[in-house]
Each structure stands twice: as structure tokens, then as C-alpha cells.
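These protein sequences, in sequence, are chains F and Y. For the first sequence, the residue numbers in the working numbering are 82 to 573. For the second sequence, the residue numbers in the working numbering are 9 to 466. Beta carbons: idealized from backbone N, C-alpha and C, even for Gly. One structure is given here, and the rest of the page talks about it.
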Amino acid sequence: MRDLTEKALEICSKEDATYADIRIVTIKDEDISIKKGNIQTLNIRTTTGFGIRTIANGGLGFAGSYDVSGKEIERVAKLAVRIAKASGATRKKPIVFVDEKPVEDNYQTPIKKDPFSIPSEEKINLLMEADKRMRDYNPEVIKMSRADYRGHKEDQIFASLEGAYITQQITFCGGGISCTAITQGEPPQTRSFPGSFRGNFSTKGYEYFESLKLLENTDKTAKEAITLTTAKHCPTDRTTLLLDGHQLMLQIHESCGHPTELDRVLGTEAAYAGTSFMTPDLLGKLKYGSEFVNMTSDCTIPGGLGTYGYDHEGVKAKRVDLVKEGLFVGYQSSRETAAILGLKESSAGMRADSPQKLPLVRMTNISLEPGNWKREELIADTKKGILMSTNKSWSIDDKRLNFQFGTEIAWEIIDGEIGQILKNPTYTGITPEFWGSMNAHSKDDWKVLGTPNCGKGQPGQVMYVGHGCGTARFNNVRVGVMQEATSTSGIQ
Amino acid sequence: MVFNKELLLEKGQFVLKEAEKLGASQAQVTIISSDRSLTRLANSIIDQNVAERHFNVSTDIYIGKRKGSTNVEVFDDKSIANAVANAVQIAKISPENQDFKSLPGTQNYTDILTLDDLVSKKTIDATPEQRAEYAKLAIDCAHSIDKRIKAVAGAISHSTNERVILNSLGVEAYDRSTTSNINLTVLADDGTEETAGWSSDNRMDFSKLQVKAVSEKAAQKAVDGFGMKYLEPGNYEVILEPAAAGGLMFYLSYFGFSAMMYQDYISFLRDKIGDQIFSEKLNLWDDAYDKRMEYRDLFDSEGIPKSKLELITEGICKNLVYDTLTADKDGVKSTGHSAAFFGRSLPIATHLFVGEGDSSLDEMIAETRNGILVTHFHYQNAVNPTKGVFTGLTRDGAWFIKDGEIQYPLRTLRYTDSILRFFKEIDLIGKYQDPNDTNGNIPPLKLPSFTISGSQKE
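See the structure below:
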């Protein structure tokens with residue numbers, strides 16, 4: 082492939098590009114889904130292609146194709162430069178990148194068992210059994226069941242006109258189960274394990290999927306779904322709220338991950354995903370949260386779904402502080418956005434979801450650093466509150482201030498003990514006020530969870546990202562929003 | 009990109025022959041060839057500018073009730089043959105899907121529209137330089153509206169696509185399309201606050217995009233946004249501009265009328281088909297062949313031709329939308345609404361119309377005692393889909409109306425409410441607008457009650 086990358090870069094140079102890089106990528110993805118005893122999806126997707134990014138006339142251009150041949154590379158390289166020149170015509174200042182020492186290197190996700198070396202039959206059998214066990218728990222009430230698996234592998238080559246040549250193989254896999262219970266006269270209730278939206282994922286081998294122990298958790302999942310159907314509604318109240326990792330991860334994702342993406346802050350997403358309240362003038366000044374809030378972007382955490390060796394513009398993986406003791410101190414950035422802000426270096430945050438897509442600033446592993454509490458101590462220390470788990474619904478405004486989330490399940494906490502289950506839990510808040518009310522975070526149940534469903538960009542891209550967190554406690558949070566909204570309408 | 013129907017058919021037939029040779033009892037192949045280009049604006053410059061070429065081959069193999077699928081981006085016959093062989097191997101190890109009966113058989117395709125009706129040469133031939141010209145026009149127009157215009161953001165895009173779907177039972181479907189879109193968010197700043205306005209347009213013909221009109225409308229909304237105030241949560245009358253109404257119609261269609269959502273106990277319309285549960289003024293249907301639809305698919309992802317389907321008639325829920333699998337489960341025929349995404353699929357309506365009324369926006373405002381006017385919604389999501397409860401936020405312009413007059417612009421508001429409640433009554437319906445900033449044909453609506461549950465301050 083090196084001859085092809087050299088050819089592409091040479092053509093870009095001849096066409097007057099001042100910078101160029103090329104990524105040649107092959108993605109293999111296995112997707113298995115079982116629903117109510119029937120196989121719904123058994124699909125293997127293979128994508129091979131390349132993308133060329135150039136700077137010419139001060140502007141940025143990108144073009145990509147599925148056809149990794151010398152002839153097509155020539156067409157696409159010329160097109161990328163032509164697009165860059167057209168872009169440059171509208172710019173007031175030429176694009177500048179922060180310096181990055183070009184390297185030749187190789188990185189591979191450390192894995193014990195290659196997910197693609199495990200026969201699909203083995204995965205299917207496990208999923209079918211898990212799916213069956215949930216329905217068998219109570220066939221009269223468990224009306225819907227699902228079990229999912231996904232394995233993913235990317236072979237990437239990155240080469241730049243600056244002299245970088247990096248090969249990487251990124252592997253992740255994971256899965257999960259869920260079931261829906263319906264009892265007479267009650268709305269359906271769904272419960273998932275280990276997380277909603279097809280489970281949890283990690284940059285590890287098949288050993289990660291095995292470690293999820295789906296079969297050992299079918300009865301608990303079914304039992305909780307059934308209990309939810311007759312449970313008390315989450316009350317409308319202002320109360321102490323505890324979020325465990327399977328909801329806290331999305332809270333971090335939406336209210337810290339996205340608003341600290343520097344391209345978004347600088348206006349790139351203004352017409353689509355939105356902008357951010359965490360503007361550059363507030364860097365080092367904004368009190369984002371309480372003194373217990375420490376947030377990081379770290380693409381080096383072993384097993385994190387946002388872990389890799391180099392980002393898609395050849396910057397080595399690193400850890401960056403975003404919020405330190407409650408103070409907003411840093412951004413996720415690229416070589417271009419770092420230069421705009423006068424930062425010394427990129428945070429290594431640039432990734433694309435497929436070869437023909439332009440790399441964007443994407444979350445890596447955005448984590449709430451561990452606190453000093455044990456989860457049990459945190460619950461025991463709570464006189465009255467609600468513990469919520471497992472995301473069901475999410476929505477946040479275009480500046481990432483007003484959010485509203487729903488979870489699958491909640492529990493009352495009274496006098497330091499977990500009490501009855503509550504259904505249809507929701508909560509809402511304003512980002513800095515919410516994080517400002519955080520007074521405790523656990524360390525013993527801290528782990529990095531992963532979601533492969535983060536959307537961004539035009540054309541749209543979907544990226545896999547990680548979030549480290551435990552269980553956190555927040556004061557005076559508005560809960561039971563849906564109850565407020567529908568109680569006057571007779572819709573329960 | 010040059011259309012090549014014969015080549016796509018030849019590749020498709022090759023897949024079916026390979027499948028038969030390897031023992032498939034039924035097979036379907038979908039080949040999509042496309043060129044997509046998009047110029048992205050931010051801070052009144054071209055910020056990103058991309059072009060992509062794709063050639064995607066999706067193969068579904070059945071051995072009895074066992075199914076295997078592969079999805080590859082390759083062109084050469086050897087790689088395609090490998091993908092077919094892989095799909096056969098997957099099918100052999102797959103458990104049987106008891107819900108599967110058969111792929112659809114031979115279909116009749118209407119000739120209401122010719123292939124030439126589906127594409128524009130000007131879109132096929134659009135260049136990066138033309139997109140840059142549009143970008144400059146959009147930027148200049150917006151800045152000429154008011155000195156307080158701070159930045160123009162958005163995207164100008166076009167695509168050229170051709171698609172073939174063949175199956176071993178005789179389906180042979182071919183269509184092509186060109187699409188183009190401009191969407192702009194214009195930001196304004198007077199030193200004390202930042203406001204935003206939005207508008208969009210969709211055309212089959214790139215040269216007909218209403219760049220100036222979209223830019224001016226978005227800029228004027230931004231200018232009209234100065235002086236924003238907070239609004240207390242509560243129930244208000246609401247005027248939904250077409251894009252706002254369109255966002256709600258998408259959720260109504262997706263969570264309500266998809267047979268998969270219904271069969272999975274997610275739909276809020278469960279046991280309500282045939283009932284009048286919405287305002288009798290509400291008529292909703294799906295019709296790919298209506299010439300008012302700017303671009304369209306002639307058939308679904310199983311090759312079943314599109315046809316008009318009533319979803320809501322005078323407030324009565326009429327029909328679910330089906331693909332073959334969900335239709336077989338309910339013992340009915342597919343309505344031609346299969347939509348496939350990388351091996352997964354579900355039935356969904358994608359060519360929506362809401363019946364027009366005759367009210368103007370001014371009349372709607374004059375009829376409003378205590379309400380809000382919404383440009384469009386951001387980040388909508390289901391809170392409890394079984395009860396039709398959704399949430400979302402106003403974006404790029406919302407205004408408070410009192411006693412028939414616009415009073416002042418509003419800071420971002422969150423709604424949380426049930427579709428089953430707020431579409432029970434509709435006061436007024438307007439006309440389709442040009443430029444059309446919805447993905448279907450949706451007019452503005454005035455509702456008597458809509459629940460605002462929060463704002464950007466606690």
C-alpha cells in the first residue's frame with residue numbers, strides 16, 4: 082500500500098497542495114441480533130476505501146472513494162486539491178496546523194481472542210439461550226426479548242506529506258440483552274443488561290463479550306422488568322439524585338463530552354449539532370462543577386472504547402484535563418482547532434467513522450475521574466433520594482445547557498438504604514448547576530463503559546466512544562418531569 | 009458519475025447466479041452506486057468541503073428460513089463472489105427465522121414517472137466551484153440584511169445515486185435520483201446577546217436551490233431574535249412552522265405507524281388503528297409518486313413499488329406501514345415501506361404529506377391569545393413512546409404571542425408532551441411553503457395546547 086500512499090501524496094503536492102494526508106482503511110463488522118427466539122440480523126459488513134485530505138489555497142479539501150486503485154487515487158487526489166482550492170477562496174485566513182512530529186509506527190488493540198476467529202455459531206448459541214431464558218422466566222409477562230452482539234475491526238494506514246506513516250488495527254466487541262414485560266392494564270416496561278441500546282462495548286477481544294456474563298444476568302433482568310410494570314411512578318419532586326455508571330456515562334457524554342469539542346465550540350457544528358456554552362473566553366474561568374468534578378479526555382485507557390494509538394491525523398494518543406476540581410481547563414481538539422486557539426498541541430481527538438469520511442474532533446474516553454467514596458458508603462450516607470440507572474431517553478439543547486434524561490429504572494433511597502423500585506424515571510437540569518451540585522463520586526465501581534452510537538457531522542458519522550465513571554450524587558435535582566407533563570392530560 | 013443501469017443489473021445477476029450455485033433457496037441483492045458532495049459553512053467561510061464515491065453491494069441469502077447477509081463496498085466480481093459465499097456460509101449456520109415466509113415475487117412498476125423525471129443533469133454536473141459560489145452568495149446575502157449578522161453556518165450538498173434490487177423470485181427494480189439541499193443557521197450578535205435564525209430548501213435540481221431566499225429568511229429570523237426573554241413552563245397555544253410540525257410528524261410516523269414498533273409493543277397507537285384519536289382536521293399520508301415530492305424512492309428496500317397509503321384520515325388512524333416480514337406476521341401484504349440499514353431493517357414512511365389548510369401565518373398569529381411561534385425543534389427524543397410522550401427544544405427562533413400579536417423572542421424552551429394529547433385538537437392548518445424546509449410536504453399548524461416543561465434556567 083505504501084506505493085499508493087506515496088503516489089497520492091505526490092499528486093497532491095504536484096497540484097499545489099501545501100499539506101496532504103491519506104487514510105486507507107478496511108473495516109470488518111459482525112452484527113448479530115436475536116429477537117424473541119428469532120434471528121433478526123446476522124450480517125457481516127466489509128468496507129474498504131480511502132480518503133485524501135489536503136490544504137491548498139489556504140483551504141481544506143477532502144475526497145474519498147471505495148476503489149483503492151492507482152487510477153482512482155489519482156482522480157480523488159486531484160479532486161481533493163480542487164475542493165481545497167474552492168474552499169480557500171472564501172477564507173479570510175489560511176488554515177494552519179499546530180506542529181506534530183511525523184512518525185512511523187504501528188499500534189494494535191491488545192486482545193486475547195480475535196472476535197472474528199470465534200465461530201458465529203458460538204455467539205448465536207449464547208444469544209439464543211440468553212434470549213430464551215428471559216422469556217422463560219415468566220412467559221406470560223415477558224412479551225419481548227432481545228440479545229445482541231457486535232464485533233468490529235479496523236485496519237488503518239495513515240500517511241502524510243509531512244512524512245508520517247502509521248498503521249493501526251483497532252478491535253472492539255460487546256453486546257447485551259433486554260426484555261419487555263407487559264401486565265394487564267399497565268404500559269410495557271423494558272430492562273436491559275449491562276446497558277441499553279444493545280449493551281456495552283470495549284476495545285478488547287472476544288474475552289470482553291464473555292466477561293459480560295449475559296446468561297448469568299437474564300433472570301435479574303427479567304425480574305426487574307416485571308417489577309417495573311407495577312412499580313410506583315417516579316415522583317415529581319426536587320430531591321437528591323444518584324446516577325450509576327450506566328446513566329452517568331451519558332450525562333458525561335452529553336454535558337461535558339460534546340461541549341468541550343473545540344470544533345463545535347468554534348462554530349463548525351453551529352447549523353447542525355449546535356455550539357457550546359463552554360466558550361474560549363471562559364477557559365480557566367468557568368466554574369463548571371463542584372470541587373469534586375474532574376473530567377478528562379484520555380485515549381490511552383486500556384479497554385476504553387475510545388482508545389487507540391494515534392488519531393486520524395497522526396497525533397499520538399494522550400490524556401488531557403477538561404475540568405479540574407470543578408474549573409473548566411481544557412478542550413478536545415485537532416491540529417487545526419488547536420492552532421486557532423493558540424494551543425501548543427492537539428488533544429489527538431480526530432477520527433472518521435469510515436474511509437470516505439473527513440476526520441472530525443470526536444470524543445475519546447471522556448471520564449469523570451474516580452472520587453473517594455465506596456458506592457455502598459455513598460448510598461448509606463444519603464438520607465432521602467433516588468438512584469437512577471440505564472439510559473432510556475436523552476435530549477439536550479444546542480448549547481448543551483438544558484438537558485432531560487429518562488432511565489429504565491430507579492430506586493428510592495430512604496435513610497441510607499435502597500428501597501422500592503420506581504418506574505418511568507426522568508430528571509432535568511442545567512449543566513453547570515447540575516455538576517455544581519455533585520458532592521460525591523465513587524471509586525470502587527468506577528469503570529470505562531462504551532457506546533458505539535455517537536453521532537456528529539454533516540455528512541453524518543457515528544463513532545465509538547468511552548466514558549469512565551462510578552456512581553455520583555447530586556443535590557436538589559428536578560425529577561419526574563414526564564409525570565408533570567402528562568398528569569394534566571389523563572395520559573399515564 | 010455516469011449512470012450505468014446495465015452494469016448494475018449485470019452485477020446483480022452475477023450475485024443471484026453465485027447464490028444459486030452455492031445452494032441458496034432465495035436471494036436478494038441491492039447495489040447502490042453514489043456520488044455525494046457537501047460544502048459546510050461556519051463563521052461565514054467554507055469550513056469543510058468533501059466528496060465521496062460509494063459502490064455498495066448488499067446480499068441476503070436464504071436457505072429455507074435461514075438467512076445470512078453481507079454488506080460490502082467492492083466492485084470487482086471476485087470480491088463480490090466472496091461476499092456472496094460468506095453470506096451463504098452465514099445462512100448455513102443461522103438459526104431459522106420462523107417469521108420468514110418468502111421474499112416478494114415479481115412486481116409491477118408504474119410508469120407514471122420516467123427515469124428522466126427522477127434526476128437533474130445540473131445536479132449530476134455540479135462542481136466544487138458552484139458550491140463555493142452558492143456559499144459566497146449565502147454569506148453575502150445574510151450579511152447584507154443587518155450589520156449585527158455575525159456568522160453564517162450550514163451546508164450545501166448534492167448527490168447522484170442509482171440503485172438496483174434483484175431477487176431470485178423475479179424482483180427487478182431500478183431507480184436513480186439526484187438530490188440537493190441547502191440549510192443555513194445565521195447567527196447575529198449585538199454585543200449583549202447572540203441570536204440565531206434558520207431556513208432550508210430541498211431540490212432535485214441543484215441549480216434551483218433557493219440560496220438567496222433561504223439566506224435572507226435565516227438572517228431575518230436572527231435579527232428578529234434580539235431581546236429574548238424567558239417563558240415560564242406551562243400550557244400554551246403553539247404555532248408550529250413547517251419544519252417544527254415536520255419534526256413532530258416524523259416521530260408520529262416512526263414510533264406510531266411502523267408495524268415493527270407496533271409488534272414490539274413500542275407504538276403508542278397499539279389497539280388504536282381504526283379509532284379517531286386525533287383532530288378531524290388532521291390528514292396524514294405517504295405518497296412517493298405525488299409530483300409535489302421533490303425527490304423520491306420508486307420502491308422500498310425489498311423492491312416493492314411505492315403506492316399511496318393513508319395513515320390518518322380526518323383524525324382516524326387508518327393503516328400501519330409494513331415490510332414483508334412484519335406483514336407476514338400480521339397476515340397482510342407489505343405496503344412497500346421496508347428501509348434497510350446495514351443488515352437491519354424496519355418499515356417506515358419516508359414520503360409524508362399532511363393535508364393543507366388555508367390559514368396564513370399572520371391569521372394564525374392573530375388567532376393566538378397566549379402562545380408561542382416555533383421555527384423548528386432540536387434534539388427530539390421519545391420519553392415514553394408507548395404513551396406518545398416526546399421531548400425536544402426550540403431552536404433558531406421562537407416568539408411569544410399575546411392577544412394576536414408577537415410580543416418578544418424567547419430563549420430556548422423545552423417541551424415534554426404526548427402526541428396523543430396535543431394533536432387531539434388542531435385549530436388551524438396553513439399551506440405548503442416555498443422554499444420547502446421539510447423532508448416531506450408539511451404545512452404550518454396551530455394547536456390550542458402544548459406543554460412547555462422547561463427553559464435554559466432552572
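Residue i in three-state terms, based on DSSP
i: residue 260 of chain F; result: strand
i: residue 578 of chain F; result: The structure shown has nothing for residue 578 of chain F, since chain F only spans 82 to 573.
i: residue 457 of chain Y; result: strand
i: residue 169 of chain Y; result: strand
i: residue 224 of chain F; result: strand
i: residue 475 of chain F; result: strand
i: residue 449 of chain Y; result: strand
i: residue 147 of chain F; result: coil
i: residue 156 of chain F; result: helix
i: residue 388 of chain Y; result: strand
i: residue 237 of chain F; result: strand
i: residue 310 of chain Y; result: coil
i: residue 421 of chain Y; result: strand
i: residue 136 of chain F; result: strand
i: residue 41 of chain F; result: Nothing can be reported for residue 41 of chain F: it is not among the residues displayed for chain F, which extend from 82 to 573.
i: residue 425 of chain F; result: coil
i: residue 347 of chain Y; result: strand
i: residue 26 of chain Y; result: helix
i: residue 560 of chain F; result: strand
i: residue 230 of chain F; result: strand
i: residue 369 of chain Y; result: helix
i: residue 55 of chain Y; result: strand
i: residue 315 of chain Y; result: coil
i: residue 217 of chain F; result: helix
i: residue 555 of chain F; result: strand
i: residue 430 of chain F; result: coil
i: residue 97 of chain Y; result: helix
i: residue 463 of chain Y; result: strand
i: residue 467 of chain Y; result: Beyond the ends of chain Y as shown, which are 9 and 466, falls residue 467 of chain Y; an answer cannot be given.
i: residue 106 of chain F; result: strand
i: residue 11 of chain Y; result: coil
Paired residues, beta bridge with residue i - DSSP
i: residue 62 of chain Y; result: Y:42
i: residue 111 of chain Y; result: Bridge partners of residue 111 of chain Y: none, in fact.
i: residue 187 of chain F; result: F:248
i: residue 325 of chain Y; result: Y:320
i: residue 447 of chain F; result: F:378
i: residue 575 of chain F; result: Any answer about residue 575 of chain F is impossible in this case: the structure gives chain F only from 82 up to 573.
i: residue 33 of chain Y; result: BP columns for residue 33 of chain Y are empty, so no partner.
i: residue 93 of chain F; result: The partner list for residue 93 of chain F (beta bridge, DSSP) is empty, contrary to what the question assumes.
i: residue 68 of chain Y; result: Y:36, Y:77
i: residue 254 of chain F; result: F:232, F:283
i: residue 408 of chain Y; result: Y:380, Y:416
i: residue 544 of chain F; result: F:535
i: residue 48 of chain Y; result: Y:56, Y:163
Residues in the region 181-210 of chain F having any Cβ partner in chain Y nearer than 7 Å: Within the region 181-210 of chain F, the residues whose Cβ lies closer than 7 Å to some Cβ of chain Y are 201, 202, 205, 209, listed in chain order.
Whole runs of the alpha helix (DSSP H) within the region 238-301 of chain Y, excluding any shorter than 4 residues: The region 238-301 of chain Y contains these whole alpha helix (DSSP H) runs: 250-259, 267-271.
Validate contact between the region 493-501 of chain F and the region 529-549 of chain F using beta carbons, cut 8 Å, 3 pairs: The count of Cβ pairs closer than 8 Å, one atom from the region 493-501 of chain F and one from the region 529-549 of chain F, stays below three, leaving the stretches out of contact.
Stretch pair the region 476-488 of chain F + the region 408-416 of chain F: three plus CB contacts closer than 8 Å: No, the region 476-488 of chain F is not in contact with the region 408-416 of chain F.
Segment contact, 8 Å Cβ cut-off, at least three pairs: the region 390-399 of chain F with the region 356-367 of chain F: No, because fewer than three Cβ pairs between the region 390-399 of chain F and the region 356-367 of chain F fall closer than 8 Å, the two stretches do not touch.
Short-range partners of chain F found in the region 371-405 of chain Y, where Cβ spacing is below 8 Å: Those would be 386, 387, 388, 389, 390, 391, 392, 394, 395, 396, 397, 399, 400, 401, 403, in chain order.
Entirely enclosed beta strand (DSSP E) segments - the region 452-540 of chain F, minimum 3 residues: You should have 465-477, 483-495, 498-504, 507-511, 519-522, 528-537.
Three or more C-beta pairs below 8 Å linking the region 209-221 of chain Y and the region 128-139 of chain Y: Taking 8 Å as the limit for Cβ pairs, the verdict is that the region 128-139 of chain Y does touch the region 209-221 of chain Y.
Length at least 3, wholly inside the region 126-202 of chain Y: the beta strand (DSSP E) runs in chain order: As far as the region 126-202 of chain Y is concerned, its whole beta strand (DSSP E) runs of at least 3 residues are 157-175, 180-197.
Runs of beta strand (DSSP E) lying entirely within the region 257-334 of chain F, each at least 3 residues, in chain order: Those beta strand (DSSP E) runs which fall completely within the region 257-334 of chain F and span 3+ residues are 270-274, 281-283, 318-324.
Three CB pairs or more closer than 8 Å across the region 245-256 of chain Y and the region 217-230 of chain Y: Cβ pair count under 8 Å is below three, so no.
Chain Y contacts made by the region 123-153 of chain F, where a contact means CB separation under 7 Å: Under the 7 Å Cβ criterion, the region 123-153 of chain F contributes 123, 124, 125, 126, 127, 128, 129, 130, 140, 141, 142, 143, 144, 145, 146, 147, 148.
Any 3 or more C-beta pairs closer than 8 Å across the region 343-354 of chain F and the region 198-212 of chain F: With the rule of 3 Cβ pairs closer than 8 Å, the region 343-354 of chain F does not count as touching the region 198-212 of chain F.
Touch test, the region 123-143 of chain F against the region 276-287 of chain Y, Cβ-Cβ under 8 Å, three pairs minimum: No, the region 123-143 of chain F does not touch the region 276-287 of chain Y.
The region 335-343 of chain Y in contact with the region 386-400 of chain Y per 3-pair CB rule at 8 Å: Short answer: they don't touch.
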